[in-house]
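Asks:
Residue numbers (the working numbering): 12 to 389.
1. If you reduce the DSSP assignment to three classes, tell me which class residue 222 lands in.
2. With DSSP as the reference, label residue 205 as helix, strand or coil.
3. Counting only the same chain and skipping the five closest in sequence on each side, list residues whose C-beta sits under 7 angstroms from that of residue 227.
4. Thinking C-alpha only, which one of 83, 237, 232 and 42 is nearest residue 124?
5. So for residue 300, helix, strand or coil by DSSP?
6. What does the alpha-carbon distance come out to for the pair residue 365 and residue 372?
7. For residue 12, which three-state DSSP category applies?
8. Checking the sheet assignment: what are the DSSP bridge partners for residue 116?
9. Which value, in whole angstroms, describes the spacing of the CA atoms of residue 230 and residue 264?
10. Go through its chain and collect everything with a Cβ distance to residue 16's Cβ below 6 angstroms, but skip five positions before and after it.
11. For the alpha helix (DSSP H) that residue 367 lies in, which residues bound it at each end?
12. Which word fits residue 337, buried or exposed, when buried means at least 16 other C-beta atoms lie within 10 angstroms of its C-beta?
13. Using the rule of at least 16 other Cβ atoms within 10 Å of the residue's Cβ for burial, across every protein chain shown, is residue 145 buried or exposed?
14. Please give me, in chain order, every unbroken run of the alpha helix (DSSP H) with length at least 4 that falls completely inside the segment 281-334.
15. Is it buried or exposed, residue 349, if we count other Cβ atoms within 10 angstroms and call 16 or more buried?
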């Protein structure tokens, strides 16, 4: 292990920050917390959509992610520009500008002679020819690459990214520490009332999001599933939005299709608080990747939906592919019922696998940082 440094270090972090996406905010908090612990004198500048919110949440300097003049000014005397974590380099979602934005920042850093690290990213899907060429040209000029899964390395190899060292580790969010559950509940009486159940009713979480469903009606299927869990297992259902506003809206649409009662968490929580609350669940029905990751971290079995390859990559890494439903062909109420039955019958086995795998993934997440510290020391 590298000893704590007494040297002043300045880094700039770019990612999908300030958009009220719990997964990305958890990544940033994990990074900042680990960096400050190892290098107490570190100065961190984060590019954010909501700089004030990011600054207050993570206790860092934050600037507008589109303010090029401020970015250039802050790049002066910066020791390292970090791009990541998360899935930044993909063109399957959004308006198609994200790859140009994130690659443009890398070029800006290189022009100002600042070393660049691609940090624990998940790469792809990349469909457009021009994007493939731009990624190849840009990433061959960076100084260090760490990835969160092996398929991302295969994508970069196929694109011809050969020059920088590439290391496959894991998502940095595995370094996030959950907040004390009692402290969290005392701070949020509304949530305390929500998750306290009578007669030991199982608490089951849903994390949903919009995705291309190939003509299917996933909202109705999720509503059927929630009703089934209430009717057959006397469960209490809570929808957990991992991207605020957007996920609240779709959760309420599903709620309107149900015949039983359920609740939507409408409090904006810090990632550490949400992680602690999820530890009270019996099961997570999760579409969003970080709902599955969070569940794994607190040893809660899950049923995942492969709306994006990154979900499959993670579930395969755990060795629990039987807990994955393919959204383009397998998503049916009957199929979900069968999977829930399997999870119930194999609950202890799944928990044992999760416990062992998460320890390994925590070690891999630390490896991202050790590589960064080694690079800075050089």
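Just so you know, even glycine gets a beta-carbon here, dropped at the ideal spot from N, CA and C.
Replies: From the atom records:
1. coil
2. helix
3. 342
4. Ranking 83, 237, 232 and 42 by CA distance to the CA of residue 124 puts 83 first.
5. helix
6. 10 angstroms
7. Bear in mind that the predicted position of residue 12 carries a pLDDT of just 39, short of 50, making it too unreliable to give a figure here.
8. Partner(s): none; residue 116 has no beta bridge.
9. 7 angstroms
10. Reliability fails at residue 16, whose pLDDT of 46 lies under 50, so the model's placement of it is uncertain and no value is given.
11. 358-388
12. When all chains shown are included, residue 337 counts as exposed.
13. buried
14. 282-289, 300-308 and 320-329
15. exposed
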